[in-house]
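Using the working numbering, read the sequence shown as starting at 1 and increasing by one per residue.
Glycine included, C-beta positions come from ideal geometry on N, C-alpha and C.
One structure is given here, and the rest of the page talks about it.
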Amino acid sequence: MKNQRGATLIELAIFVAAALVLLGIGLTAWARVQDGTKSTRLINMVSSIDKAVHTRFPNTWNYAGLDVTSIADSLPGDIRPAGCAGKTCTESIRSPFGGDIVVGPSFPGGTYAITIGPPLTTEGCIDLVTQLGTQFWYVQRGTQMKAKSLAAIDPTIARTACANTTQSLRLTGT
Numbered sequence: 001m002k003n004q005r006g007a008t009l010i011e012l013a014i015f016v017a018a019a020l021v022l023l024g025i026g027l028t029a030w031a032r033v034q035d036g037t038k039s040t041r042l043i044n045m046v047s048s049i050d051k052a053v054h055t056r057f058p059n060t061w062n063y064a065g066l067d068v069t070s071i072a073d074s075l076p077g078d079i080r081p082a083g084c085a086g087k088t089c090t091e092s093i094r095s096p097f098g099g100d101i102v103v104g105p106s107f108p109g110g111t112y113a114i115t116i117g118p119p120l121t122t123e124g125c126i127d128l129v130t131q132l133g134t135q136f137w138y139v140q141r142g143t144q145m146k147a148k149s150l151a152a153i154d155p156t157i158a159r160t161a162c163a164n165t166t167q168s169l170r171l172t173g174t
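Okay, here's the thing in structure tokens:
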């Protein structure tokens, strides 16, 4: 009798299935790392925008005229929109998740808002509001997470509100 060499069809199928499972696990882990990197980048961007607003409008309760153009000179180069030439910005600030970040005066009077448009993942939203929520008076995504308070946002409330990925995230400061 001859010795058989090579793999049977069953052995080959088992190998392919195992390889696909490992590939799926690797892609899931990679997606989590990418989302975490985007979250960190967004947190840094919002902090820089908040700082630029307070640099341009120090000790004021009047944010009339606040927009990307008015704070562009106070933004770090990696956040400043490419379309800012001279005194006009023709582009908006882009979130690492792909949506626009809009800055402007808000109501009630004497406040300003940083609005992050969709898409923004649930985890990205939770990371942002739990780390920076104490800097803003109002935090809202579809439903309000807190109002008139600089207290930390409860993670359970953040998870529920941040699950609404079709809504913009609005941070209102003074």
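With 16 other CB atoms within 10 Å as the buried threshold, where does Asp73 fall? Counting from one through the sequence shown, the residue named residue 73 turns up at place 73. Around the Cβ of Asp73, a 10 Å sphere holds fewer than 16 other Cβ atoms; the residue is exposed.
Quick check: the Cα distance between Gly98 and Val68, rounded to an integer number of angstroms? Mapped onto the sequence shown, residue 98 falls at position 98. Mapped onto the sequence shown, residue 68 falls at position 68. Annotation: Gly98 to Val68 spans about 17 Å, alpha carbon to alpha carbon.
Alpha carbon to alpha carbon, how far is Ile157 from Val46? Give it in angstroms, no decimals. In the sequence shown, residue 46 corresponds to position 46, counting from 1. In the sequence shown, residue 157 corresponds to position 157, counting from 1. Near 21 Å, if we compare the C-alpha coordinates of Ile157 and Val46.
Taking Cβ positions, are Ile116 and Ser95 nearer each other than 8 Å? Position 116 of the sequence shown, counted from the first residue, corresponds to residue 116. Position 95 of the sequence shown, counted from the first residue, corresponds to residue 95. Contact: yes.
Supposed close pair Gly124, Ala113 - CB separation, criterion 8 Å: Within the sequence shown, numbered from 1, the residue matching residue 124 stands at position 124. Within the sequence shown, numbered from 1, the residue matching residue 113 stands at position 113. Actually they are not in contact, since the Cβ atoms of Gly124 and Ala113 sit about 18 Å apart, beyond 8 Å.
Out of Leu128, Cys162, Ala7, Gly142, state which residue places its alpha-carbon closest to the alpha-carbon of Thr37. Sequence index remark: in the sequence shown, residue 37 carries index 37 (1-based). Thr37 has its Cα closest to that of Leu128, out of Leu128, Cys162, Ala7, Gly142.
Is the number of C-beta pairs between the stretch 139–153 and the stretch 24–42 that are closer than 8 Å three or more? By the Cβ criterion, the stretch 139–153 is not in contact with the stretch 24–42, since fewer than three pairs of Cβ atoms, one from each stretch, lie closer than 8 Å.
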